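Residue numbers (this note's numbering): 3 to 1176.
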């Protein structure tokens, strides 16, 4: 991160004019690569000049300034020092396309009783996440006291601005604005725990001034405000201009219909916009009364909006909604976080441990209560209350960040949208040329000047279709509706089209590829330094440390007399037969206050010949499972025990590393591999006696580091996790269509490899290489080791997963797959950045990945220009789901803010569904865009032909074409559903491509030829009577020329709609769209009747009856030729043009980074086939 002055202001002191920050921001919040902050203040002369410009231009600049508020600021105000700025211009550059987005905000001031805030020493974030939004804080050491004002005059004022809900305050010593959530950055766990005494009223008032109220406010505009915003939209502005023009041209009926439709559309849009805002506001609005601690032991009930960081909450035992982010400092809570993560399993939260470690909500998730989550129950153990210290409020909370992402979604950089804007610009140029031509011919025909102006401008409304945005929106709405009917909910419809461009999909393993539940295969006990045979029923184990560890090392709790918690823990405890008790019953069983008591089964003795029945075991302390640490600990005691014992359960490699080497068998690695290679999930258990009193108070004072030292290995718990039946067919289908599949899991590497081979991610004969990286230590540089893995070895175990036999994907011996762990991924990112892209292009299995590493992986893949999808259960992959281009969360909730898509089906079948709908929607968008462009150009040709002879289409003729014919087919043609199967081909992303442009040009040429042919055939007839050119249109209607051109062009709108609505390969056949076919048949029949039956609606439409039946049949023959020609053109262009282009020019080399890497690896493979070692 660097700060420098803007080139616009030259060499200026710090804090002057513009502050530029180049930063790598948190991918969860934005795709920002840099921000610029510019200060402006009032200038009397500029204000006078501003008013003069507005007055001289009749207020037109006011409309421009509403669309471009930055122009108003730069015209009215002058650049100044940020310390004196009244208005700020925020410029944000998108890292994908380097485009800049500009915003203006007002600097606000507020009275404050103190101008400084005592805070702990700050720690600068290394990853730049402090710049996740717009907070221009340069590097440098923070002071223990944050000074907001320096001079005496400003001692009682706080300067700040609000941007996307976040508050940024002015830091005088840094001469920069800082996001308020960073003021507490660097606080240690000890600092947080010391805050449990609460804040005084004065401290609370100061902090509320600085941090603002604890409110996540969703703005809900009034109908008048929405009406102004909607009416001043450029789209409706263009329509208002068009309606005025049509009224001036005496097209009253058409103008009135468009006015009514536009009014109805605005009213519907206002209603939907306001309803959506109200729904979101009702969803996030949270106001409740909470109890807070005050110094001296006092308690006070306050409204949740009054909470500030540093307040200490007293949580009721019955639970309730959490109104802020808070660190739990006393007691335990069972929390439902499904509203944030989509994970339906309740999570146990324990008190924040002591220590000088910096507190971080993500790192300490198991000790943090997040805003909007539901506390199901709270239990105090040490002291009378369950206490939590407020750490973040308002939009700074996890919920606030998610709401902000909904209100301000990340902009989508999509080539189709950019090209569509360029194409509209090209149509505008064509309209200009047509206007020039129309002026020439109308002047030649001696049309009055006012008529020439109206007719010329009218041509603009013909060429640039006002209904284009609405027609394009219909495509995604149909796709969204079809997905909803299949149980897939989408909160960002624009992401549907991105689904059609996916090139790589990442999958979580547990609960996504494999079944949610785990079945206990058995336990491998340890005796001395040797493993004993597998014990299939753990309840048959002798009473000892291993059995007690299985019964107690978990985070289960009772909710309404039912054990709840992690499914693996439930299965583990169920296999022992022991029963969980909590509350007074647990305390009475142990004779003192404890967290929980595990009681042995009353019946069926566990081992014949026991001397005495096993005693209940009480849990005195817990260190919950951490995804980053991949283990959990408990401290337990039982009657008659001389001292408590600690039990540790977690990843075998990590637990073994914490154990005394003398307790780890020499064949540990071989035993572990024998089970993981067969696809089983293996958990290691260890124990350690603790030299403390067997009391809750003594156990609660223990630290995790103390517990996790010099452990003794007890054995291995082996669990079976079968693949879901749908997994292998879906993976096979994706690979067949050349969509890369990648597994990203927190499980063991060998288990992940086996699952990948079992489901077909890695074929039977495909090369698989394990990568192991070691960080630098003791003067040795970082090293990289490549270990080839024989596919057959793991495939033998993969058959036990129950799916390998059904995988019939044709193997590719040239395909190379890489498998690596999270630690290796971290070493590659830090020490081998140049090698990382090659690993990512071939990486298939990423195991032991922490949640933040999953997010980093998705972002690194996006840097290689992959369009990345992510599918997971939302438990520990929220960041990855949100960072991916298409994130799909498997959740029973109807919609989740974690990802754009939420699937209620509990399998990855939803992934090909989203891809098929995305391809269908994208292909339909191309078709609709082509049709709307062809419709405009067809009408453009008709009007130019009629202008040339000083006539035009009639009022009701325009109405029939635009509303009855075009609108009907444009809406119904989007109803065609997606193809039933995925193919290798992907829909093109570029609108300005040879096939699309060739189709448009040739179809327009065919349309012009047919219309001109019909016109000249009409003129050549012996019964033809020319129109009276001295009478202007529409007074010279009906006439033969108009009748023929209108009749032929009306047929052409239907022909073009059918021609561009092809089915395969991305959509179902045209005949499956029954409504569209019926509309074509009905409208076609009406048009045939208009042409053949005298008097049928010819009077109202201003058509002249043609008595010559042979000529009318000739016109129908011309229509038939047009029909055949249009379909032949589309077929030839689809089938022959690509082959011709490949012969005429060399194949276009893709500029995408991952494609370049694939070509490099094809020429020079890495890892080298003959070099399996380092």
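Note that beta-carbon positions come from the ideal geometry of N, C-alpha and C, so glycine has one too. Model, not experiment: these values are computed from the prediction.
For residue j and residue i, believed in contact at Cβ under 8 angstroms, the rounded distance
i	j	result
residue 849	residue 754	4 angstroms
residue 1055	residue 967	5 angstroms
residue 425	residue 935	7 angstroms
residue 881	residue 857	3 angstroms
residue 211	residue 160	6 angstroms
residue 1128	residue 1005	6 angstroms
residue 866	residue 255	Going by Cβ atoms, the distance from residue 866 to residue 255 rounds to 57 angstroms, so no, they are not a contact pair.
residue 349	residue 337	5 angstroms
residue 309	residue 286	Wrong, their Cβ atoms sit about 16 angstroms apart, outside the cutoff.
residue 890	residue 860	That belief does not hold up - the Cβ atoms of residue 890 and residue 860 are roughly 13 angstroms apart, past 8 angstroms.
residue 77	residue 48	7 angstroms
residue 452	residue 1031	18 angstroms between Cβ atoms; not a contact.
residue 384	residue 698	7 angstroms
residue 220	residue 282	5 angstroms
residue 1026	residue 955	Going by Cβ atoms, the distance from residue 1026 to residue 955 rounds to 19 angstroms, so no, they are not a contact pair.
Cutoff 6 angstroms; reference residue i; Cβ partners in own chain excluding five residues on either side
i	result
residue 464	941, 942, 945
residue 1190	The chain is shown from 3 up to 1176; residue 1190 falls before or after that span and cannot be answered.
residue 579	541, 603
residue 357	191
residue 640	617, 619
residue 522	573, 577, 721
residue 508	744, 746, 872
Sheet register partners of residue i (DSSP bridge)
i	result
residue 93	38, 104
residue 625	635
residue 221	Per DSSP, none; premise fails for residue 221.
residue 338	376
residue 774	787
residue 1184	The question about residue 1184 has no answer, for the chain in this structure spans 3 to 1176.
residue 168	165
residue 600	582, 619
residue 173	178
Through-space distance from residue j to residue i, alpha-carbon basis
i	j	result
residue 1114	residue 1102	20 angstroms
residue 950	residue 436	11 angstroms
residue 790	residue 501	34 angstroms
residue 38	residue 170	14 angstroms
residue 646	residue 621	10 angstroms
residue 829	residue 750	18 angstroms
residue 559	residue 572	10 angstroms
residue 1165	residue 840	13 angstroms
residue 545	residue 619	11 angstroms
residue 924	residue 499	5 angstroms
residue 1092	residue 1118	12 angstroms
residue 253	residue 434	22 angstroms
Cut-off 7 angstroms between Cβ atoms - residues of its own chain near residue i, not counting five sequence neighbours on either side
i	result
residue 763	733, 743, 745, 846
residue 804	The predicted model places residue 804 with a pLDDT of 42, which falls under 50 and marks its position as unreliable; any figure quoted below should be read in that light. 724, 725, listed in sequence order.
residue 318	380
residue 863	506, 842, 870
residue 72	91, 104, 106
residue 443	949, 950
Cβ-based neighbour list, residue i, same chain, cut-off 8 angstroms, excluding 5 preceding and 5 following
i	result
residue 225	272, 276
residue 301	293, 294, 295, 316
- Okay, do the region 313-326 and the region 520-528 touch, 3+ Cβ pairs below 8 angstroms being the bar? no
- Check whether the region 1086-1104 touches the region 994-1010, counting contact only when three or more Cβ pairs, one atom from each stretch, lie closer than 8 angstroms. no
- Query: Per the contact definition of three or more C-beta pairs closer than 8 angstroms, is the region 712-724 in contact with the region 674-692?
  - Reply: yes
- Message: Three or more C-beta pairs under 8 angstroms: does that hold for the region 343-363 against the region 170-179?
- Response: no
- Message: Pairs of beta-carbons, one from the region 830-841 and one from the region 772-783, closer than 8 angstroms: are there three or more?
- Response: yes
- Message: Tell me whether the region 971-981 and the region 918-927 touch, counting them as touching only if at least three CB pairs, one residue from each stretch, are closer than 8 angstroms.
- Response: yes
- Query: Would you call the region 548-565 and the region 643-658 touching, i.e. three or more CB-CB distances under 8 angstroms?
  - Reply: yes
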